[in-house]
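Chains as they are written, first to last, in the numbering used here: chain A, 88 to 274; chain B, 88 to 274.
In what follows, a single structure is set out as structure tokens and then discussed.
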DNA sequence: AAGAAACTGATTTAATCAAATTAGTTTCCA
DNA sequence: TGGAAACTAATTTGATTAAATCAGTTTCTT
């Protein structure tokens with residue numbers, strides 16, 4: 088059973104993805120068939136709502152991630168592959184490029200997004216390090232791998248490359264993870 | 088000996104990189120120690136100047152590229168590696184993200200940039216195809232490799248990732264080409 | 001022939017202010 | 001308790017116009 092809080096957050100994600108950051112509180116209320124009054128009993132203001140929406144999304148990524156990390160049956164390389172596969176599943180929920188526009192208006196939310204985008208890579212970075220120590224992946228610059236991956240995903244969302252080339256998102260993602268993992272694998 | 092035309096184009100690149108698309112004709116004239124009058128004897132208007140500047144840059148990429156293609160001593164994979172190395176050398180000359188802002192004001196130049204960015208991949212795409220036919224690289228989606236590479240370079244220029252991580256552009260480029268080439272290499 | 005500088009019409013930018021929208025609150029009602 | 005709708009103060013949007021900038025031309029000079 089979903090809590091009221093979660094219902095509101097889900098609705099917020101929905102209208103956010105439809106209208107970007109200029110969604111209104113009325114939009115959320117209408118989406119829910121709920122009065123604004125009720126929303127305001129749960130969230131103090133719009134800022135808090137968006138802030139919590141961000142955390143809500145990242146938490147779900149983190150959870151899938153933890154599941155991969157915890158799986159003892161996987162090798163380090165398989166874990167890297169697994170995590171790179173779930174990471175963007177979370178990105179799918181929200182159009183983060185929209186969130187970047189908040190820089191001026193909601194600096195607190197903006198820096199929260201950056202913070203979580205950054206810390207979202209913590210486990211992956213650790214895995215890279217472990218892989219290099221174990222010798223299963225080559226000594227590469229972790230920051231570069233990160234940029235490659237993030238930049239590519241960003242393009243998938245922003246431009247219409249996938250539509251134009253008639254490639255599904257999951258196929259594209261699998262291919263990218265595959266190329267990167269093979270590219271960093273020890274010789 | 089450089090022609091007047093080339094001198095003007097070089098100066099244009101210079102001021103363009105300093106001030107973006109809002110460089111003025113006076114800027115170019117001052118940079119050259121030349122009167123605007125003289126510039127206008129060579130180029131009909133600003134639009135033509137920028138248009139030719141774009142071609143000028145891409146032509147120099149194409150030239151280095153042809154040199155690699157023509158080198159019979161290289162294997163297909165080495166050629167791919169070589170071409171991916173020179174392609175961005177040309178990007179270094181110009182901040183193409185600036186050019187993308189022209190969409191509305193100079194649609195003719197904008198579409199020229201797109202056209203040449205696109206056709207700049209022609210030889211690389213052919214090489215990918217040849218490599219797959221020869222079996223030296225895996226069957227990958229060429230469009231995805233292209234997105235990965237382009238997106239990554241774009242980030243190198245746009246964000247300050249390289250500065251922040253204290254990596255030189257050429258080291259970063261070499262690493263990216265390396266990862267991609269290893270990532271697509273046949274097993 | 002080419003630079004320096006002044007000039008003009010067109011475009012860009014900036015400032016201003018009115019109109020519309022919206023966050024958050026309150027009132028009334030089921 | 002919670003929805004519907006009205007309300008207010010604040011913000012955002014949009015239109016208008018004045019000021020500044022700039023592309024392209026002309027004049028005068030060496």
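Glycine is no exception: its CB is placed at the ideal position from the N, C-alpha and C atoms.
| Query | Result |
| --- | --- |
| For residue 224 (chain B), the residue or residues it bridges with in DSSP | B:272 |
| 8 Å Cβ cutoff, residue 235 (chain A) in contact with chain B | yes |
| Segment contact, 8 Å Cβ cut-off, at least three pairs: the segment 100 to 107 of chain B with the segment 188 to 203 of chain A | no |
| Residue 227 (chain A): contacting residues in chain B (beta-carbon distance under 9 Å) | 262, 265, 266 |
| Interface flag, residue 242 (chain A) vs chain B, CB-CB below 8 Å | yes |
| Beta-carbon proximity of residue 167 (chain A) to residue 110 (chain A), cut-off 8 Å | no |
| Element boundaries [alpha helix (DSSP H), containing residue 140 (chain B)] | 133 to 157 |
| Chain-order list of residues whose beta-carbon lies under 7 Å from that of residue 173 (chain A) (same chain, five-residue window excluded) | 148, 151, 152, 155 |
| Beta-carbon neighbours of residue 248 (chain A), restricted to chain B and to distances below 7 Å | 230, 234 |
| Inter-stretch contact (C-beta, 8 Å, three-pair minimum) for the segment 119 to 131 of chain B and the segment 183 to 190 of chain B | no |
| Cross-chain neighbours of residue 271 (chain B) in chain A, by beta carbon under 9 Å | 266, 269, 270 |
| Neighbour-count burial assignment, residue 209 (chain A), 16 or more Cβ in a 10 Å radius | exposed |
| Within chain B, partners of residue 238 (chain A) - CB distance below 7 Å | 238, 239, 241, 242 |
| Start-to-end residues for the alpha helix (DSSP H) that takes in residue 103 (chain B) | 91 to 106 |
| At least three beta-carbon pairs within less than 8 Å, the segment 248 to 257 of chain B to the segment 258 to 268 of chain A | no |
| Interface flag, residue 252 (chain A) vs chain B, CB-CB below 8 Å | yes |
| DSSP-derived helix/strand/coil call for residue 162 (chain A) | coil |
| Secondary structure of residue 207 (chain A), DSSP reduced to three states | coil |
| Interface residues of chain B facing residue 159 (chain A) [CB-CB closer than 8 Å] | Simply none; closest approach about 27 Å. |
| Residue 234 (chain B) vs residue 242 (chain A) beta-carbon contact at 8 Å | yes |
| Listed by chain order, chain A residues near residue 259 (chain B) by CB distance under 8 Å | 228, 231 |
| Continuous alpha helix (DSSP H) stretch holding residue 127 (chain B): start and end | 123 to 129 |
| Coil, strand or helix - residue 171 (chain B) by DSSP | helix |
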